[in-house]
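Numbering (my numbering), first residue to last: 44 to 171. All remarks here apply to the structure that follows.
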Ligand code: HEM
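As structure tokens, this is what we get:
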């Protein structure tokens, strides 16, 4: 008997789980004094909605991301690798809290990390 392998999105609990994850994640980001200023003028409800769509697509769920291209939205904001490392650190802790299964945690971080270059690629002088 053969079964179709579940996407990572389904394995972690689909839309509901991603929604909770994104909420907890941005709570941590906004609690970080080094990251909070970047989001000072950002409508967070919209960002949470866009990030839910983005994560869903990145993890093999529905491909209905309706936000701006990732490179475009982050360029010119002065985001460096230091900021990105902190951001990914908060994501790791949030995912570990929600999904103690190590294999899924690694895979999720790996998929999201693939976009790192698009986030800081446009920041001049970031050689870290
Ligand atoms: C792999 C890492 C990251 C991913 C996948 C990601 C993804 C996204 C997505 C999907 C959006 C929504 C775009 C839209 O509204 O059209 C967004 C917006 C935003 N991101 Fe990121 N992001 C990452 C890292 C970062 C980092 C490190 C920072 C700053 C420290 C940051 C700051 C922002 C800000 C300020 C906005 C909102 C822009 C606005 O006000 O509309 N992001 N990001």
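Virtual Cβ for every residue (Gly too), placed ideally from N, Cα, C.
Cβ separation of residue i and residue j, assumed to be a contact under 8 Å, to the nearest whole Å
| i | j | result |
| --- | --- | --- |
| residue 129 | residue 77 | 6 Å |
| residue 161 | residue 114 | 4 Å |
| residue 95 | residue 62 | 6 Å |
Span of the alpha helix (DSSP H) around residue i
| i | result |
| --- | --- |
| residue 62 | 57-73 |
| residue 89 | 87-101 |
| residue 163 | 159-163 |
| residue 128 | 124-141 |
| residue 49 | No alpha helix (DSSP H) contains residue 49, which DSSP labels as neither H nor E. |
| residue 154 | 145-156 |
| residue 84 | Neither: residue 84 is in no alpha helix (DSSP H) and is coded neither H nor E. |
| residue 115 | 113-117 |
Residue i: CB within 6 Å of a non-hydrogen atom of the ligand HEM
| i | result |
| --- | --- |
| residue 115 | no |
| residue 46 | no |
| residue 103 | no |
| residue 122 | yes |
| residue 155 | yes |
| residue 164 | no |
| residue 83 | no |
| residue 90 | yes |
| residue 93 | yes |
| residue 126 | yes |
| residue 68 | no |
| residue 118 | no |
| residue 78 | yes |
Selection from the options that minimises the alpha carbon distance to residue i
| i | options | result |
| --- | --- | --- |
| residue 88 | 153, 70 and 99 | 70 |
| residue 98 | 46, 167 and 60 | 60 |
| residue 104 | 163, 162, 167 and 48 | 48 |
| residue 120 | 65, 74 and 83 | 83 |
| residue 75 | 133, 144 and 142 | 133 |
| residue 116 | 166, 53 and 50 | 166 |
| residue 153 | 124, 122, 123 and 102 | 102 |
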